[in-house]
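Reading through the structure tokens given below for one structure.
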Amino acid sequence: MIAQLWQYVLAGVAAGAIYALIAAGFVLIYQVTGLINFAQGEFAMIGAMTASALATGGMPVLEAAGIAVLAAAVTGALCYVLAIRPARASTGVTLIFITLGLDVALRGLGLLVWGTNPLSLPAFSGGASVNIFGGVLSPQSIWVLVTDLLVFAALYVFFRHTHAGTAVRAAVANPPIASTFGIPLRTFAFWSFVAAAAIGGLGGVVVAPITSATYDMGLTLGLAGFVAAVLGGLDSLPGALVGGFVLGIVEKLAGGLISTGWEQGVGFLILVLVLVLRPQGLLGRAVRRA
Amino acid sequence: MSTVARTISVATLDVRAVTVRFGGVVAVDDVTFTAQTGEVLGVMGPNGAGKTTLFNVISGVQRPTAGEVSLSGTRLTGRSVEDVAALGVTRTFQTPVMFWGLTVRESVEVALAAHAFGGTYPPAPWRELLRCGFAAPGRRRESALLRDHADAILAGAGIAAMAGRPTESLAFGEERLLEMARALAVSPTILLLDEPLSGLNPDEIEAVLASIRAARASGVAVLLVEHAVGELLAVADRVVVLDHGRKIAEGTPQAVAADPLVIDAYIGDELE
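The listed protein sequences derive, respectively, from chains A and B.
To convert, count from 1 in the first sequence and add 2; that's my numbering.
To convert, count from 1 in the second sequence and add 2; that's my numbering.
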């Protein structure tokens with residue numbers, strides 16, 4: 003029984019690692035622009051589909067992965083320039099509807115370009131599963147965890163140890179005052195979309211060998227990432243990491259112990275509970291005086 | 003951001019016939035004055051005299067109903083708050099505005115760095131990201147210089163000891179001192195201080211007054227709105243007095259304090 007539980011936990015960690023990457027995109031864009039980008043999951047879809055299609059065409063996996071991340075980043079840049087920036091004078095609700103529209107549009111684009119058939123991507127490396135205290139993780143899951151580690155470490159270094167990162171934090175803390183100090187909010191908004199899309203794309207690439215890639219994978223990934231971000235705290239990158247893993251583990255435990263039907267539903271139960279009991283999330287900050 | 007060159011040496015802030023109406027209320031009524039770099043201009047008046055509204059007009063927050071503000075011939079009225087700031091007009095607020103999540107030193111560094119790079123800051127975040135963590139002597143030196151500069155500013159403001167503290171942990175008076183230091187970090191031409199002494203203890207008041215005098219000595223034009231009339235008259239070179247939006251007196255602190263119109267306006271308010 004304990005061994006079984008442990009295996010669920012490990013499976014949850016593997017799933018949560020992806021959620022954390024998607025959640026990081028939600029948090030980045032939310033912090034910098036105050037916007038919840040519901041198209042976030044589609045960046046993962048673009049990454050996964052591009053890499054899978056290229057690899058199926060014979061390109062080496064790492065090369066295909068690089069191009070896929072680039073494609074996702076460019077998609078993010080275009081989303082900001084073509085859809086968000088022209089409407090920046092609008093209210094929050096309008097912008098949220100725009101991102102919902104982007105979500106549908108990108109999924110439609112995926113359908114047009116790649117069709118409905120799932121595409122597969124070879125695992126990054128062969129080898130046997132890794133045994134951890136009696137539970138197993140696939141080699142590809144290790145790749146996902148390493149990706150998490152690298153992405154969050156890079157974000158930490160950027161925000162804590164570069165002047166640009168400090169400037170972004172100042173812009174997040176008080177946009178109007180930061181802009182009077184010459185901090186360019188619009189430039190930061192642009193780069194937040196690019197970074198969120200690249201991270202999402204990378205998430206799609208590393209998960210594709212596990213789940214395979216389909217044009218509609220962005221919907222479930224996006225929702226899971228959103229739940230993870232809200233759970234961790236929409237304004238907290240460490241929260242995204244924690245939220246992702248907690249969601250993944252709870253999902254797999256619910257799926258294993260109750261029934262697999264619960265795996266998806268439990269996320270929304272968590273979402274409702276968090277919004278009722280602790281709206282700022284696990285690591286987020288409560289609203290404070292401006 | 004504006005491409006207009008920053009005026010660093012001698013500059014004149016020119017407030018010409020500025021009127022602000024909110025519906026039927028006239029908050030500022032045909033006010034004209036100038037301020038030169040290297041002087042402290044006190045702006046006083048009873049509550050509701052229009053002092054903060056005047057600051058809002060100068061800093062670009064509030065568009066005047068009539069009249070205009072210019073800085074050495076460059077029109078400020080009609081520009082965005084950001085552009086006015088980029089032209090060298092910096093302000094502090096009655097309630098200090100902090101960058102939560104940054105430390106005290108970072109708050110000053112970010113102002114210094116943004117100012118140093120002008121409106122194009124940061125020049126290349128990805129390059130900085132790639133270089134940090136590696137032994138990049140140029141960058142290290144740059145960072146060390148920025149840090150030293152920030153520490154010097156903090157020392158000047160009398161808050162060197164709290165450089166590493168998060169801004170969330172500051173008491174009200176400390177926030178005020180930091181806001182002042184941060185404002186000076188951008189080497190403003192015009193510094194608008196909105197009641198910088200309120201809520202401070204005597205030591206903090208001394209620190210702010212010292213910063214004001216240092217700013218004046220370095221060639222800043224300081225506009226000072228302050229309810230503590232005694233301190234205002236002591237530090238100001240000239241004083242403009244507003245009452246119900248109108249300028250009722252202008253001159254040296256001695257002349258203004260002796261002006262019957264001013265004394266009259268302050269009856270009910272205390273004039274020390």
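Every residue, glycine too, gets a C-beta built ideally from N, C-alpha and C.
Runs of the alpha helix (DSSP H) lying entirely within the region 43–114 of chain B and spanning at least 4 residues, in chain order: 53–61, 83–88. The beta strand (DSSP E) runs of length 3 or more contained entirely in the region 111–175 of chain A are, from start to end of the chain, 132–134, 137–139. Of all C-beta pairs linking the region 266–281 of chain A to the region 221–238 of chain A, three or more are shorter than 8 Å, placing the two stretches in contact.
Taking the Cα positions, A:Ala256 is about 21 Å away from A:Val209.
For B:Glu177, no CB of chain A lies under 8 Å from its own CB, so it is not counted at the interface with that chain. Counting only unbroken stretches of 4 or more residues, the alpha helix (DSSP H) elements lying wholly within the region 171–248 of chain A are 177–182, 187–213, 219–234, in sequence order. When secondary structure is reduced to three states using DSSP, B:Ala230 falls in the coil class, being assigned neither helix nor strand.
When only Cα atoms are considered, A:Ile212 and A:Asn119 end up about 16 Å apart. In chain order, Thr182, Gly184 make up the part of chain A whose C-beta sits under 9 Å from the C-beta of B:Ala88. With a cutoff of 8 Å on beta-carbon distance, A:Gly220 and A:Gly43 are scored as near each other. Taking every protein chain shown into account, the CB of A:Ile260 has fewer than 16 other CB atoms within 10 angstroms, so this residue is exposed. Against chain B, a Cβ distance below 7 Å from A:Ala172 picks out Phe101, Leu104, Val112. Taking all protein chains in view, the Cβ of A:Pro186 is crowded by 16 or more other Cβ atoms within 10 Å, so the residue is classified as buried.
Cβ neighbours of B:Pro66 within its own chain (closer than 8 Å, five residues either side excluded): Val20, Thr21, Val22, Val30, Val59, Thr79. The C-beta of B:Val83 comes closer than 8 Å to at least one C-beta of chain A. Per DSSP, reduced to three states, the secondary structure at B:Thr191 is coil, with no helix or strand assignment. B:Val12: not part of any beta strand (DSSP E); DSSP gives it neither H nor E. Here B:Glu144 is not near B:Leu199, since their CB atoms are 8 Å or more apart.
By alpha-carbon distance to A:Trp145, the top candidate from A:Thr93, A:Ser194, A:Leu204, A:Ile100 is A:Leu204. Cβ contact annotation for B:Arg77 (same chain, cutoff 7 Å, sequence separation greater than five): Glu70, in chain order. Taking the C-beta atoms as reference points, A:Ala75 is found no nearer than 8 Å to A:Gly206. Residues of chain B with a Cβ closer than 8 Å to the Cβ of A:Ile179 are, in chain order, Val99, Phe101. As computed with DSSP, B:Val224 is found in a beta bridge with B:Val42, B:Leu193. Only residues of its own chain outside the window of five on either side were considered, and among them Leu12 have a CB closer than 8 Å to the CB of A:Ile134, listed in chain order.
According to the DSSP assignment, A:Gly263 belongs to no beta strand (DSSP E), since it is labelled neither H nor E. Annotation: the region 242–273 of chain B contains the following complete segments of the beta strand (DSSP E) (minimum length 3 residues), in chain order: 248–253.
Between the beta-carbon of B:Asp196 and that of B:Val227 there is about 5 Å, and that keeps the pair under the 8 Å contact cut.
Of the residues assessed, A:Pro178 falls on the exposed side of the cut-off, its CB having fewer than 16 other CB atoms within 10 angstroms.
Along the region 182–195 of chain B, the positions whose C-beta sits under 7 Å from a C-beta of chain A are Val188, read in chain order.
With respect to chain A, the C-beta atom of B:Glu108 has a partner C-beta closer than 8 Å. When DSSP reads this structure, B:Val20 sits in a beta bridge with B:Val33.
Beta-bridge partners of B:Pro168 (DSSP): B:Thr105. In this structure, DSSP gives A:Arg287 a state outside helix and strand, which the three-state scheme calls coil. When 8 Å is used as the limit between beta carbons, A:Ala175 is near these residues of chain B: Met100, Phe101, Trp102, Gly103, Leu104, in chain order. B:Trp102 and A:Val115 have their C-alpha atoms roughly 45 Å apart.
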